[in-house]
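Residue numbers (our numbering): 309 to 634.
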Amino acid sequence: MEDRVKKETTAVDTVGVAEEFVVTPWEVRGRVDYDKLLRHFGAKPLTPGEVALLEKYAGEVHHLIRRGFFYAHRDFDAILKWHGEGKPWALYTGRGPSGPVHIGHMVPWILLKWFSDKFGLEVFFQLTDDEKFFDDPEMKLEEATSWAYENALDVIALGFTPDRLHLILDTKDIEPLYPIAVKVAKKLTWNTVKATFGFTDSTNIGLIFYPSLQIAVAFLPTELRREAVPVLIPCAIDQDPYFRLARDIADVLGYPKPATLYSKFIMALTGESKMSASNPDSAIYTTDDEKTVKRKVMNAFTGGRPTAEEQRKYGGNPDVCPPLQS
């Protein structure tokens, strides 16, 4: 058995689709059927009414929501109504620092900044060097931590208001997180995390404990303010298992349930479902120079037809063209 655990958070779904797909917090494989994934996770599709409620309070709707790239949620409407009552809330997302940042990673951060600017909200951004160390048998802790500092520069470069941005590096900022994490861990059984994440008997105990730390940040603003401060978490749909657990135990721990806003994946330049660090040509990185970006774009898969005649007759196919997926 491989040391690196293959965690099948969702069942491989082949019903009604020509190609099976897998979506977990650690792996995305195959052509994702987002509607089936939504039904499997039990989250709700974002409705026109909820988008209209956002516009009422923000004055506009970000194009990533308007175009349906962020397409699902848990209690997004509830946290907007909470805002309408004049109550405090905050924002939370994160990054698993295992390498350089590409534009697919940055999509939730862009929306995060928009919410922070529109509503004047504090941002809690978790850099999970511990998770990447636990998950990758070849990675040294110092390497994961170094990538966390590098990735933090990309977050800062987006222009967040400095006094609203809280960067949390797990191995360096454990003191405020650990008391919350141990309370979370006490409410999560082995059977629960095993069923949720597909852990096996060979999974190291660090990775088994880690969900408690990702959940803990969702409750951190409430602890810091000493009053109920729910968070909105813009993130990709593959992170839902963590926050389902957070919502399941929030009430019993005396915390407000976190709200989530889920995105699809940025299609790879090669036409696959998701940009991936395992294939550098599938993504554009913040570290790429102009020449590299130009080469990747010029070689990217598009929705063009095989021949010029078919292109003139039928036009391009937007359903499979990466630039048109967001």
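Note that the Cβ used here is the ideal one computed from N, Cα and C, for glycine as well.
Name the residue from the options whose alpha carbon lies nearest to the alpha carbon of residue i.
{"i": "residue 395", "options": "418, 430, 538, 588", "result": "538"}
{"i": "residue 552", "options": "416, 529, 424, 523", "result": "523"}
{"i": "residue 518", "options": "341, 528, 493, 535", "result": "493"}
{"i": "residue 252", "options": "429, 504, 403, 448", "result": "Outside the displayed span of the chain (309 to 634) sits residue 252, for which this structure offers no information."}
{"i": "residue 407", "options": "516, 387, 457", "result": "457"}
{"i": "residue 380", "options": "543, 615, 563", "result": "543"}
{"i": "residue 335", "options": "443, 356, 593", "result": "443"}
{"i": "residue 292", "options": "430, 371, 425", "result": "Absent from the model: residue 292. The displayed extent of the chain is 309 to 634, so no value can be given."}
{"i": "residue 434", "options": "424, 413, 475, 383", "result": "475"}
{"i": "residue 413", "options": "536, 546, 486", "result": "546"}
{"i": "residue 468", "options": "432, 601, 354", "result": "432"}
{"i": "residue 594", "options": "479, 383, 337, 466", "result": "466"}
Kindly indicate which three-state DSSP category residue i falls into: helix, strand or coil?
{"i": "residue 373", "result": "helix"}
{"i": "residue 603", "result": "helix"}
{"i": "residue 539", "result": "strand"}
{"i": "residue 406", "result": "coil"}
{"i": "residue 332", "result": "coil"}
{"i": "residue 352", "result": "strand"}
{"i": "residue 457", "result": "helix"}
{"i": "residue 315", "result": "In this prediction, residue 315 scores a pLDDT of 38, lower than 50, which makes its location untrustworthy; the coordinate-derived value is nonetheless stated afterwards. DSSP places residue 315 in coil when its eight states are reduced to three."}
{"i": "residue 576", "result": "coil"}
{"i": "residue 466", "result": "coil"}
{"i": "residue 508", "result": "coil"}
{"i": "residue 592", "result": "coil"}
{"i": "residue 378", "result": "strand"}
{"i": "residue 401", "result": "strand"}
For the alpha helix (DSSP H) that contains residue i, what are its first and last residues?
{"i": "residue 482", "result": "482 to 495"}
{"i": "residue 550", "result": "548 to 561"}
Within 10 Å of its beta-carbon, does residue i have 16 or more other beta-carbons around it, so buried, or fewer, so exposed?
{"i": "residue 439", "result": "buried"}
{"i": "residue 365", "result": "exposed"}
{"i": "residue 623", "result": "exposed"}
Could you give the first and the last residue of the continuous beta strand (DSSP E) run that contains residue i?
{"i": "residue 433", "result": "431 to 435"}
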